[in-house]
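Undergrad: Below is one structure. I have some questions about it.
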Amino acid sequence: MSTHGPIESLKIVGSIAGAIAAIAGLIFLFFPQFQPAIVTSKAVQISDVKVENPVSASSGDCNYLATVNLKVRVEGYQDKPVSLYARLDQSATANANRSLCATPIGRWDDWQRAEPTFTLTATAPSQQFPVRVQVRVPWIADNWKIQLRVTDSNGAVLETAETALFNIR
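Following this note's numbering, the numbering of the sequence shown begins with 761 at its first residue and continues without gaps.
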């Protein structure tokens, strides 16, 4: 039979809770990697966008592959997929040596028909993904660029970027 009244019991419970909080604080102080990350906002950032020298897809073929290396930082979307889209932009191209291939380029102005190039799912509150994208370039020309877009699962645009202009020769 306990001889403690309600006030004494409350003091004991408070002391135990305080001791647990103090121990947790010391653990987080000496081992910060165990601290829970608190992400209060959602953000996606595309950075370090670089195009490698485009190469021919096959010998004697008019199809080229442009490889884009980039980084995508995802914050606040833990366990929620975001989609990365890449499309070729021909708006500034000029024919080089009047060498055209007959391959149709399609409707590049229509993002809605595009399938995601990558789906990225962060397993932590904040995560950075190195990404390598290959985009087919159908003919020899100057001033190509590749546009990039990241959307959430509802299709809302979270971030856009584009490469510097590059040439296919």
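Note that the Cβ used here is the ideal one computed from N, Cα and C, for glycine as well.
Output yes or no for whether 8 Å exceeds the beta carbon distance between proline 890 and serine 843.
TA: Against a cut-off of 8 Å, the Cβ pair of serine 843 and proline 890 comes out as no contact.
Undergrad: In its own chain, which residues sit with a C-beta less than 8 Å from the C-beta of valine 897, not counting the 5 before and 5 after it?
TA: Closer than 8 Å at Cβ, skipping near neighbours: Pro814, Asn823, Tyr824, Leu825, Ala826, Leu848, Trp904, Ile928.
Undergrad: Once DSSP output is grouped into helix, strand and coil, what is the label at glutamine 793?
TA: Residue state, collapsed to three classes: helix.
Undergrad: Figure out for me which residue from Ile767, Ala781, Ala782, Lys802 has the closest Cα to the Cα of alanine 916.
TA: Ranking Ile767, Ala781, Ala782, Lys802 by Cα distance to alanine 916 puts Lys802 first.
Undergrad: Take glutamine 793 and list the residues in its own chain whose beta-carbon comes closer than 6 Å to its own, dropping the five residues that flank it on each side.
TA: Nothing listed; no residue qualifies.
Undergrad: The beta strand (DSSP E) that contains isoleucine 906, what's its start and end?
TA: From DSSP, the beta strand (DSSP E) with isoleucine 906 extends over 905-911.
Undergrad: Run through DSSP, which three-state label would glutamate 768 get?
TA: DSSP places glutamate 768 in helix when its eight states are reduced to three.
Undergrad: How is isoleucine 806 classed by DSSP in three states: helix, strand or coil?
TA: Three-state result, isoleucine 806: strand.
Undergrad: Rounded to whole angstroms, what is the Cα-Cα separation between phenylalanine 788 and leucine 908?
TA: Straight-line Cα distance between these residues: approximately 39 Å.
Undergrad: So what does DSSP say about serine 843, is it helix, strand or coil?
TA: Reduced to three states, the DSSP call for serine 843 is strand.
Undergrad: In this structure, how does DSSP classify alanine 882 when only helix, strand and coil are distinguished?
TA: Looking at alanine 882 - three-state DSSP - the assignment turns out to be strand.
Undergrad: Going by DSSP in three states, alanine 924 sits in which element: helix, strand or coil?
TA: Reduced to three states, the DSSP call for alanine 924 is coil.
Undergrad: So what does DSSP say about alanine 852, is it helix, strand or coil?
TA: The answer is coil: DSSP assigns alanine 852 none of H, G, I, E or B.
Undergrad: Report all residues from its chain with a CB closer than 8 Å to the CB of glutamate 922; omit the five preceding and five following residues, and keep chain order.
TA: Correct list, in chain order: Val809, Asp849, Lys905, Ile906, Gln907, Leu908.
Undergrad: Among Val910, Leu918, Thr853, Thr911, which residue has its Cα nearest to the Cα of aspartate 902?
TA: Aspartate 902 has its Cα closest to that of Thr853, out of Val910, Leu918, Thr853, Thr911.
Undergrad: Please name the residue or residues paired with phenylalanine 889 in a DSSP beta bridge.
TA: Answer is Val832.
Undergrad: In whole angstroms, give me the CA-to-CA distance for phenylalanine 878 and phenylalanine 926.
TA: For phenylalanine 878 and phenylalanine 926, the distance between alpha carbons rounds to 23 Å.
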